[in-house]
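Working notes for the structure below.
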Amino acid sequence: MKNTYYIMGCKVTISQVDDVLNYTVEEPTLTLEEEKALKSQVQLPQNSIEKINYYREKMEKFGNLTCLMLDKNVEEIECIDISKPLNVKIKGLGRATTNIKVSRDEILDIFSKFMDSKNYRRIGEFIIIENDKFRGIIKVKEDINFNIIKNDNYSESITELISEGYLNKYSATYLWHIIENSGIIIINGNKRIANSLAFSLVNLVYNKFNKIVVVSKSKIRKLNELIILNGVKNLDIIDYYNPDLVLFDYVNSDVITKIIDLNIQNKGVIVLSGFPDNTTFLSSLLKFQLLSLSKLPTVLVEIIGNYVNIHELYSTRTKVRVRKVCKKGIMNKKEFNYSIILKNKINTNNLDLKISIIENLTNNNILDKYEIREKVAKIGEKIEPEI
Numbered sequence: 096m097k098n099t100y101y102i103m104g105c106k107v108t109i110s111q112v113d114d115v116l117n118y119t120v121e122e123p124t125l126t127l128e129e130e131k132a133l134k135s136q137v138q139l140p141q142n143s144i145e146k147i148n149y150y151r152e153k154m155e156k157f158g159n160l161t162c163l164m165l166d167k168n169v170e171e172i173e174c175i176d177i178s179k180p181l182n183v184k185i186k187g188l189g190r191a192t193t194n195i196k197v198s199r200d201e202i203l204d205i206f207s208k209f210m211d212s213k214n215y216r217r218i219g220e221f222i223i224i225e226n227d228k229f230r231g232i233i234k235v236k237e238d239i240n241f242n243i244i245k246n247d248n249y250s251e252s253i254t255e256l257i258s259e260g261y262l263n264k265y266s267a268t269y270l271w272h273i274i275e276n277s278g279i280i281i282i283n284g285n286k287r288i289a290n291s292l293a294f295s296l297v298n299l300v301y302n303k304f305n306k307i308v309v310v311s312k313s314k315i316r317k318l319n320e321l322i323i324l325n326g327v328k329n330l331d332i333i334d335y336y337n338p339d340l341v342l343f344d345y346v347n348s349d350v351i352t353k354i355i356d357l358n359i360q361n362k363g364v365i366v367l368s369g370f371p372d373n374t375t376f377l378s379s380l381l382k383f384q385l386l387s388l389s390k391l392p393t394v395l396v397e398i399i400g401n402y403v404n405i406h407e408l409y410s411t412r413t414k415v416r417v418r419k420v421c422k423k424g425i426m427n428k429k430e431f432n433y434s435i436i437l438k439n440k441i442n443t444n445n446l447d448l449k450i451s452i453i454e455n456l457t458n459n460n461i462l463d464k465y466e467i468r469e470k471v472a473k474i475g476e477k478i479e480p481e482i
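Here the sequence shown is numbered in our numbering, starting from 96 and rising by one per residue.
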């Protein structure tokens with residue numbers, strides 16, 4: 096057994112030899128130009144930015160634990176003996192031995208960066224830290240050891256959603272194509288998967304759009320390279336930024352009005368509604384709101400249990416209709432082509448290239464959002480298989 100993938104330029108290999116599971120990290124090597132850019136704002140290609148972001152994360156936060164903390168497949172990090180390589184728990188596979196060691200001073204430095212009065216406790220010889228990223232316990236005597244359990248935060252990788260069976264290559268490409276062509280996607284149901292899908296779509300269109308705005312009802316964590324508007328009272332402030340895509344993490348009557356206004360201006364919109372399913376969301380709308388949305392390229396996604404169902408809104412004169420696009424995330428090529436053609440305002444350029452990109456991401460288990468953005472940036476070029 097051998098599985099290889101990349102996390103912000105780090106090559107991760109999971110292998111099994113004689114019933115022993117190993118987790119090996121090879122860090123990226125920076126060129127002289129990239130090392131200079133690490134300390135400045137020099138513009139570089141995406142693959143260089145990815146490596147630089149990794150080393151910034153390493154310097155500012157997690158040191159030698161960085162790749163382990165960023166890898167969604169790693170659920171737990173364990174150190175029993177500081178002189179030996181770390182152990183990790185890998186999702187669906189169990190415990191593995193890594194090629195990574197940390198020193199006593201380094202692990203104390205890492206923990207100190209996340210200690211404040213709200214999330215820090217000391218019980219005897221143990222320090223306990225709990226935050227939105229992880230729960231860590233460290234024994235601080237000479238024979239130092241520690242355990243870090245990562246929180247189950249949402250992924251930002253379309254690859255992971257496909258591998259977990261929520262979507263297939265056609266349903267993923269369909270949603271990507273709709274939002275890239277300034278459609279409206281309203282996501283209902285399971286909050287964690289809804290967040291994952293929303294930001295996975297953002298990463299797929301990141302290179303296409305110059306400005307992406309996230310409008311949040313409450314304080315949202317910092318998202319690099321996105322414009323965050325927290326607790327907005329007047330939604331017209333969005334127009335000041337002239338965005339290409341707007342993501343709302345809540346919905347109310349004012350938001351619906353703004354969604355319609357933005358889409359008429361040819362802006363893409365993604366909405367995390369908070370409603371449990373499509374039917375409940377539609378029942379919350381006023382008749383004129385429903386009719387307005389049905390005249391725009393509006394797609395409804397519901398995440399119920401382990402399944403994703405996709406529907407389209409359309410209208411015949413004054414009657415609103417709902418058409419099933421796919422059930423349980425499964426769509427074949429014929430259904431895919433039919434659904435795209437039905438949206439006569441949506442162009443059909445690059446469809447086969449998009450499918451090739453999704454296949455490439457999935458076949459090579461590419462989870463890192465920066466690497467996904469880099470692959471998507473190559474649309475229009477020949478897609479070569481990974482070696």
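By construction, the Cβ of each residue, glycine as well, lies at the ideal position given by its N, Cα and C atoms.
None of the values given here were measured: they were computed from a predicted structure.
Cα-Cα separation, residue i to residue j
i	j	result
K106	Y336	38 angstroms
K245	R230	6 angstroms
N98	K264	21 angstroms
L456	S252	9 angstroms
D334	V346	18 angstroms
L321	V300	12 angstroms
L270	I436	14 angstroms
N361	I351	15 angstroms
F157	L203	11 angstroms
E469	Y149	15 angstroms
V183	I102	16 angstroms
K423	T108	31 angstroms
L459	Y100	One detail in the question is off: residue 459 reads as Asn in this sequence, not Leu. Rounded to the nearest angstrom, the two C-alpha atoms are 7 angstroms apart.
V112	I405	43 angstroms
E476	F206	With a pLDDT of 46 at E476, under the threshold of 50, the modelled position of this residue cannot be trusted; read the value that follows with caution. Taking the straight line from one Cα to the other gives about 44 angstroms.
D463	P371	29 angstroms
S295	L262	12 angstroms
S379	N373	10 angstroms
L448	G260	22 angstroms
L381	L391	16 angstroms
K353	N445	30 angstroms
N226	D238	25 angstroms
Residues near residue i in its chain [Cβ-Cβ closer than 6 angstroms; skip 5 each side]
i	result
D344	S311, L367
I355	S387
E407	V394, R418, V420
K234	E220, F221, N240
M426	Y265, S266
Supposed close pair residue i, residue j - CB separation, criterion 8 angstroms
i	j	result
V197	L160	7 angstroms
T413	L386	7 angstroms
F304	D349	Going by Cβ atoms, the distance from F304 to D349 rounds to 24 angstroms, so no, they are not a contact pair.
I279	N358	5 angstroms
A293	I399	In fact, because the Cβ distance is near 17 angstroms, the residues do not count as touching under 8 angstroms.
I450	T268	5 angstroms
Three-state secondary structure assigned by DSSP to residue i
i	result
K108	Checking the sequence, you will find Thr at residue 108 rather than Lys. Residue state, collapsed to three classes: strand.
N283	strand
E155	helix
V471	helix
Y239	The residue asked about is misnamed: residue 239 is Ile in this sequence, not Tyr. Coil, per DSSP.
T192	strand
K184	strand
V364	strand
L270	helix
E173	strand
E220	coil
Y465	helix
V394	strand
K131	helix
L388	helix
N439	Its pLDDT being 48, under 50, N439 is placed unreliably in this model, and the coordinates cannot settle the point.
R412	coil
E201	helix
L163	helix
F431	helix
N404	strand
L380	coil
S91	Look at the range of the chain in this structure, 96 to 482, and you will see that residue 91 is not part of it.
V327	coil
Same chain only: Cβ atoms within 7 angstroms of residue i, ignoring 5 sequence neighbours per side
i	result
N168	I185, K186
N439	Any reading at N439 needs caution, since the residue's pLDDT is 48, under 50, leaving its predicted position unreliable; the model's value is listed next. So no residue of the chain qualifies.
E121	C105, K106
V415	L385, L386, S389, L408
K208	K156
V341	V308, V310, I333, L357, K362, V364
Cut-off 8 angstroms between Cβ atoms - residues of its own chain near residue i, not counting five sequence neighbours on either side
i	result
T375	N283
I332	L324
N194	N117, Y118, T119, V120, P180
V297	E251, I307, L321, L340, L342, I365
Beta carbon proximity, residue i to chain D, threshold 8 angstroms
i	result
L448	Absent from the structure is chain D; it holds one protein chain and no more.
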